[in-house]
Structure formats: C-alpha cells, structure tokens
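S.K.: Remember, the numbering used here sits 2 above the position in the sequence shown when you count from 1. Beta carbons: idealized from backbone N, C-alpha and C, even for Gly. Computed from a predicted structure; not experimentally measured.
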Amino acid sequence: MQKRIGKLLLVVLILSFLLTGCWNRQEINEIGFAVGLGVDKAEKLYQVTTQLALPAKLAEGGGGGEEPPVWVVSGQGKTIFEAIRDINTRSPRKPFWGHLNVIVIGEEAAKDGMLPFIDLFSRGHEFRRLNQIVVAKGKAREVLEAQPKLENITAVFLNRLVENRGGQSIAPGVNVNDLLITLSTPGRDPFLPKIEAREKEVHIKEPPQKEEEQKAGSDEGKKGEEKKEEKPKEILELRGGAAFRGDKFAGWLNEAETRGLLWATGGVRSGILSVESPWQKDKFVSLEIKDARGEIVPQLAANKPGALIKVKASLNLVEQQDSRFLEDPWSLQRLQELAASEIKGEIMKGVEKARTLQSDIFGFEGKFYKEDYNSWKKIDWKQKWQELQVNYQVDTVIETSSMTIRPVKLSSKVAR
Numbered sequence: 003m004q005k006r007i008g009k010l011l012l013v014v015l016i017l018s019f020l021l022t023g024c025w026n027r028q029e030i031n032e033i034g035f036a037v038g039l040g041v042d043k044a045e046k047l048y049q050v051t052t053q054l055a056l057p058a059k060l061a062e063g064g065g066g067g068e069e070p071p072v073w074v075v076s077g078q079g080k081t082i083f084e085a086i087r088d089i090n091t092r093s094p095r096k097p098f099w100g101h102l103n104v105i106v107i108g109e110e111a112a113k114d115g116m117l118p119f120i121d122l123f124s125r126g127h128e129f130r131r132l133n134q135i136v137v138a139k140g141k142a143r144e145v146l147e148a149q150p151k152l153e154n155i156t157a158v159f160l161n162r163l164v165e166n167r168g169g170q171s172i173a174p175g176v177n178v179n180d181l182l183i184t185l186s187t188p189g190r191d192p193f194l195p196k197i198e199a200r201e202k203e204v205h206i207k208e209p210p211q212k213e214e215e216q217k218a219g220s221d222e223g224k225k226g227e228e229k230k231e232e233k234p235k236e237i238l239e240l241r242g243g244a245a246f247r248g249d250k251f252a253g254w255l256n257e258a259e260t261r262g263l264l265w266a267t268g269g270v271r272s273g274i275l276s277v278e279s280p281w282q283k284d285k286f287v288s289l290e291i292k293d294a295r296g297e298i299v300p301q302l303a304a305n306k307p308g309a310l311i312k313v314k315a316s317l318n319l320v321e322q323q324d325s326r327f328l329e330d331p332w333s334l335q336r337l338q339e340l341a342a343s344e345i346k347g348e349i350m351k352g353v354e355k356a357r358t359l360q361s362d363i364f365g366f367e368g369k370f371y372k373e374d375y376n377s378w379k380k381i382d383w384k385q386k387w388q389e390l391q392v393n394y395q396v397d398t399v400i401e402t403s404s405m406t407i408r409p410v411k412l413s414s415k416v417a418r
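#1: Taking the alpha-carbon positions, what's the V72 to N154 distance?
#2: Could you tell me whether the Cβ of L152 comes closer than 7 angstroms to any Cβ of chain B?
#3: Which of the three DSSP states is assigned to R398 in this structure?
#4: Taking DSSP's pairing of strands, which residues face A315 in a bridge?
#5: How long is the line joining the alpha carbons of S377 and Y371, rounded to whole angstroms?
#6: Can you tell me whether F327 is buried or exposed? The criterion is at least 16 other CB atoms within 10 Å of its CB, across all chains shown.
#7: Helix, strand or coil for L181, going by three-state DSSP, please let me know.
#8: Would you check whether the ligand ZN has a heavy atom nearer than 6 angstroms to the C-beta of G296?
#9: Looking only at C-alpha atoms, which of L182, F193, L289, L54 sits nearest to G253?
#10: Among residues of its own chain, excluding the 5 on either side of L238, which ones have a beta-carbon nearer than 8 angstroms to its beta-carbon?
#11: Cutting at 7 angstroms between CB atoms, please list the residues of its own chain near T52, excluding the five before and the five after it.
#12: Between the C-alpha atoms of E373 and P300, what's the straight-line distance to the nearest angstrom?
#13: Please report the straight-line C-alpha distance between A341 and D121, rounded to a whole angstrom.
#14: Taking the C-alpha atoms as reference points, what is the distance between E385 and L185?
#15: In its own chain, which residues sit with a C-beta less than 6 angstroms from the C-beta of K346, not counting the 5 before and 5 after it?
#16: Taking L47 as the reference, give the member of L310, D114, Q338 with the closest Cα.
#17: Tell me whether the beta-carbon of A244 lies closer than 7 angstroms to the beta-carbon of V104.
#18: Going by alpha carbons, who is nearest to L390 out of K380, I400, K379, F366?
#19: Could you round the C-beta distance between I311 and V399 to whole angstroms and report it? I think they count as a contact, below 8 angstroms.
#20: Would you report the Cα separation of L102 and R125, rounded to the nearest angstrom?
#21: Taking three-plus beta-carbon pairs below 8 angstroms as touching, is the segment 268–278 in contact with the segment 163–179?
#22: Excluding five sequence neighbours on each side, which residues of the same chain lie with their C-beta closer than 8 angstroms to the C-beta of Q360?
#23: Give the range of the alpha helix (DSSP H) segment to which S276 is assigned.
#24: What is the DSSP secondary structure of E144, counted as helix, strand or coil?
#25: Count the other CB atoms, across all protein chains shown, that sit within 10 Å of the CB of D191; report buried if there are 16 or more and exposed otherwise.
#26: Could you round the C-beta distance between K141 and D42 to whole angstroms and report it? I think they count as a contact, below 8 angstroms.
#27: Would you kindly work out how many angstroms separate the C-alpha atoms of R241 and G352, rounded to a whole number?
#28: With a threshold of 7 angstroms on Cβ separation, who are the neighbours of I82 within its own chain once the five nearest residues in sequence on each side are excluded?
#29: Once you ignore the five residues that flank G100 on each side, which residues in its own chain have a CB closer than 6 angstroms to its CB?
#30: Could you check how far apart the C-beta atoms of R131 and V178 are, in whole angstroms? I think they sit under 8 angstroms.
#31: When the Cα atoms are used, what is the spatial distance from Q322 to Q282?
#32: Identify whether Q335 lies in helix, strand or coil by the three-state DSSP scheme.
#33: Could you tell me which residues DSSP pairs with D374 in its beta bridges?
#34: Should T260 be labelled buried (16 or more other beta-carbon atoms within 10 Å of its own) or exposed?
#35: Looking at the structure shown, is K43 part of a helix, part of a strand, or coil, going by DSSP?
#36: With 16 as the cutoff for other CB atoms within 10 Å, does P94 come out buried or exposed?
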C-alpha cells in the first residue's frame, strides 16, 4: 500500500513539472500585431518604423473611410533592438513580430551595412526567416506610410507584389534566409528587390502644356504650396534591384539589367519580350516567356578566369502589330534569333553594370569556389573580377501562337 502511494506521489510530482501552463504567455489585448517593419539610418541612430494592425478598424471590414486599419509608429536607438524597445514609449502594446509580412530597408541604412540588423532578424525568436526583404529608394518609412489602392495594409500589398513578381521577372525575391545564405557563402554578393514610393504613375506621360497654362499652374502652385498638406504616396513600384558589395549597398540595377541577372541565374519565371517584326521595323511582336533556364559555367584559360552563361527559353507568340503570317519557317527562325539577341543584350547589360559597381551579384567567383576550388585558390579575385571574360549561349524556341494561327486582317472589300 505504501509503495502504491509512493508511486502515485511520484507521478503527481512529475506531472506538476509538465503541466505548468504557458509561463511566457502574452494576452492578446496586451500586444500589437506588427505587419510591416522598416529600417532607416539617420546620422548615427537607427530608426525602426512598424505598421501595427488596428483590430477595431479591421473588424469594421476596412479602414472606416479614408483612415487605414494600421498605425505607423517609429522608434530610435543606437541598435535595432534599442529602437524597437523605444517604440514602447509611444505604444501601449508591445509589438509582436510573428505576423510580419515584409521588411523594408532604407537606402541609407543599406549603405551603412546590413549585418547589424540581419543579426537580430536571424536571432529573434518572433522573427521568421521567410519574411521578404526589399530595399527602398529613399526612406523605408515613406514606403510604409504609403496608401496604395486595392489593399488596406501596405505591408500586405508589398508582400503580394513580391509574390507576383514572376509576371514580368524584373525584380528578384529574397527572404531573410536567402540573404543569410548569400552573406555566409564565399563568392557572391547579395541582390535585393527595389521598392519605390511614388505620388503618381511615372510611365504615363500627360500631354505637354502650353506656356500660358504652365505659368498659370506654377503661380497657383506657389499660392497653395503653404496650405497644401503632404499626402501619403499612392504608388508602390517593385522594379529593378539593389546590388551590394558584401553587406553594403553598391548601386541600383534597372529592369533590363535585373532581368539579365535573372536570365543567367535561373530566376526568370515569366514575362514579355518585345522584338521588332522580321518584316516591318516599325512594328513589334510580343513573345511570352513560358519557361526559362539559366546556368553559369566557370571557365579557365591561360590562368585567367572566365564564364559561359547558358540560357534556354521557350516562348509563345501572343501579339503582332503587322499583318504578315509569322509562323512560316523563315519568320519563326528569324523571331527566335531576335529573341535570343534581346535576351543576350539584357544579360550583357547586367554583367556590365555588375562590373561598374564591382559587385559579384552573378556569383562568378562562387562558381569557381564550388566547382573548381583549386583554380579558385590561385586567382586574385580583387584584380581578376574586372578582367573576367564572359561568353554567352542563348537558345530560344517559339512553340505556339495561342488560339489564333494567322493574324487578323481587314477585308479588302471594307469601304475606306
């Protein structure tokens, strides 16, 4: 009997340690759900900006009019962690980072180096390594303060922009884990997507104004300048990328240079190539990218490093501006040559920009490190990177023309 009681007490004692409850619990009404985070650098201080969700506004099914369902608040400090804690002096709720959608790095913070804050994002138990990272042209706070259409929460809008980048393949997609791997792997510099906040569409040009209208408009603008309040920007554009040397920002790549890099590294998912018609120089043909594969092969000749960039692309003919039938053997062959030339041109632009910035975003050195380690040890990459000889091999195949085989033509009987 005493043995049974002893065993029972032992079981109770063990269970008392296992069933202690949630010792580190946080009540939901005591925390603020952070959905977006931005990092800026001003002089010697970091500025951390976060978007905290407003549950009451979200419960109303939107922003309750023009007011968004998030609160943008910032903190400052010598370190990122200190700046995050500084937010608590303005917010009654402690930010919870488990629902973070995106991390925005300001241009000045990127120039100063990413290691200090990437270290925190990799250590913090609330931060997820799958969070997307983008670099803002300008300040990260401006991006998080923007109020784009279609989505009430800017951070969600940004995350979906990155997820849908494959439609044009003019921006990369990089999360915290990808960045950590790149930074810790010899022979390749990071390349992150560029985000920019704009007041209006820059690609849509308005008709030129007359001198009288311009003068009248400028006079009215000066009068109303003091009264007009600065409104949040409405356009967020994910286009191009930010190249780094190590962990420091080196410069921007435009969309053609960015897609050139993505062609070479196998990052192109889809997109459109517009090439001149084989029959009319002032007419264009749109080719949809259906599949693409890229590879960088290291080459060594006379102890000089080089690389062969090989790309294979499958395309669909989806639009043509002239009325000639383009699916005869000669026209198809010519279109494939034009497409290959366009792809090669984009890759060359990317390589030349990387040389100019002295940023090995293509990972040429890394290819030698992985595939020809003995040669890698003999090469002085600080000198040889600029002299690297790059060759190109681009093969394209045009498969179908969707539902229509022949172009649409006007009947000769139509009265004009």
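M.R.: Working from what's here:
#1: Here residue 72 refers to the residue found at position 70 when the sequence shown is read from its first residue. Here residue 154 refers to the residue found at position 152 when the sequence shown is read from its first residue. Cα to Cα, the separation comes out at about 8 angstroms.
#2: The displayed structure is made up of one protein chain only, and chain B is not part of it.
#3: Position 396 of the sequence shown, counted from the start, is the residue given in the question as residue 398. Looking at the sequence shown, residue 398 is not Arg but Thr. Three-state result, T398: strand.
#4: As a first step, residue 315 must be located in the sequence shown, where it is residue number 313. BP columns for A315 point to A294, T398.
#5: Within the sequence shown, numbered from 1, the residue matching residue 377 stands at position 375. Within the sequence shown, numbered from 1, the residue matching residue 371 stands at position 369. The alpha-carbon atoms of S377 and Y371 are separated by roughly 8 angstroms.
#6: Indexing the sequence shown from 1 puts residue 327 at position 325. That one is exposed.
#7: Looking up residue 181 in the sequence shown gives position 179. Reduced to three states, the DSSP call for L181 is helix.
#8: As presented, the structure is devoid of all ligands, the ligand ZN included, so that no description of it is given.
#9: Taking the first residue of the sequence shown as 1, we reach residue 253 at position 251. Each of L182, F193, L289, L54 was checked against the Cα of G253, and the nearest Cα belongs to F193.
#10: As a position in the sequence shown, residue 238 is number 236, starting the count at 1. These residues qualify, in order along the chain: V145, A148, P150, T156, F159, L160, L163, I197, E198, A199, R200.
#11: Here residue 52 refers to the residue found at position 50 of the sequence shown. Within the same chain, T52 has close Cβ partners A36, G38, L39, V75, I89, P97.
#12: Residue numbering aside, residue 373 sits at position 371 when the sequence shown is read from its first letter. Residue numbering aside, residue 300 sits at position 298 when the sequence shown is read from its first letter. If I take the Cα positions, the gap works out to 8 angstroms.
#13: On the sequence shown, residue 341 is found 339 positions in, with the first residue counted as 1. On the sequence shown, residue 121 is found 119 positions in, with the first residue counted as 1. Computed Cα separation, rounded: 43 angstroms.
#14: On the sequence shown, residue 385 is found 383 positions in, with the first residue counted as 1. On the sequence shown, residue 185 is found 183 positions in, with the first residue counted as 1. The question names Glu, but residue 385 in the sequence shown is Gln. In a straight line, the C-alpha of Q385 is about 21 angstroms away from that of L185.
#15: Along the sequence shown, read from residue 1 onward, the residue named residue 346 stands at position 344. These residues qualify, in order along the chain: Y394, V396.
#16: Taking the sequence shown and counting its residues from 1, the one referred to as residue 47 is at position 45. Residue D114 is the option with its Cα nearest to L47.
#17: What you label residue 244 is simply residue 242 of the sequence shown in a count that begins at 1. What you label residue 104 is simply residue 102 of the sequence shown in a count that begins at 1. Cβ distance not < 7 angstroms, so A244 and V104 don't count as in contact.
#18: The residue given as residue 390 occupies position 388 in the sequence shown. L390 has its Cα closest to that of F366, out of K380, I400, K379, F366.
#19: Along the sequence shown, one-based indexing puts residue 311 at 309. Along the sequence shown, one-based indexing puts residue 399 at 397. By a beta-carbon distance limit of 8 angstroms, I311 does not contact V399. Their separation comes to about 18 angstroms.
#20: Counting from 1 along the sequence shown, the entry for residue 102 is found at position 100. Counting from 1 along the sequence shown, the entry for residue 125 is found at position 123. About 15 angstroms.
#21: As far as the Cβ criterion goes, the segment 268–278 touches the segment 163–179, which means the pair count is three or higher.
#22: Translated into the one-based positions of the sequence shown, residue 360 becomes position 358. Around Q360: R247, A252, W387, Q388.
#23: Residue 276 sits at position 274 when you count from the first residue of the sequence shown. For S276, no alpha helix (DSSP H) segment is defined; the enclosing uninterrupted segment is the beta strand (DSSP E) at 274–278.
#24: Looking up residue 144 in the sequence shown gives position 142. DSSP places E144 in helix when its eight states are reduced to three.
#25: Numbered from 1 along the sequence shown, position 189 holds the residue referred to as residue 191. When all chains shown are included, D191 counts as buried.
#26: Start at 1 with the first residue of the sequence shown, and residue 141 comes out as number 139. Start at 1 with the first residue of the sequence shown, and residue 42 comes out as number 40. Between D42 and K141 the Cβ distance is about 5 angstroms, and since that is below 8 angstroms, they are a contact.
#27: For the purposes of this step, residue 241 is taken as residue 239 along the sequence shown, with counting starting at 1. For the purposes of this step, residue 352 is taken as residue 350 along the sequence shown, with counting starting at 1. Their backbone Cα atoms lie some 14 angstroms apart in a straight line.
#28: For the purposes of this step, residue 82 is taken as the residue at position 80 of the sequence shown. Only V41, Y48, V50, P118, F119, L122 meet the Cβ criterion.
#29: The residue you call residue 100 lines up with position 98 of the sequence shown. Same-chain partners within the cutoff: E128.
#30: Taking the first residue of the sequence shown as 1, we reach residue 131 at position 129. Taking the first residue of the sequence shown as 1, we reach residue 178 at position 176. Going by Cβ atoms, the distance from R131 to V178 rounds to 5 angstroms, so yes, they are a contact pair.
#31: Position 320 of the sequence shown, counted from the first residue, corresponds to residue 322. Position 280 of the sequence shown, counted from the first residue, corresponds to residue 282. For Q322 and Q282, the distance between alpha carbons rounds to 11 angstroms.
#32: The residue labelled residue 335 in the question sits at position 333 within the sequence shown. In the displayed model, Q335 falls within a helix according to three-state DSSP.
#33: By one-based count along the sequence shown, residue 374 stands at place 372. For D374, which the question treats as bridged, DSSP gives no partner whatsoever.
#34: Here residue 260 refers to the residue found at position 258 when the sequence shown is read from its first residue. Burial call: buried.
#35: Looking up residue 43 in the sequence shown gives position 41. In the three-state scheme derived from DSSP, where H, G and I count as helix and E and B as strand, K43 is classed as strand.
#36: Against the sequence shown, residue 94 aligns to sequence position 92. Flag for P94 reads exposed.
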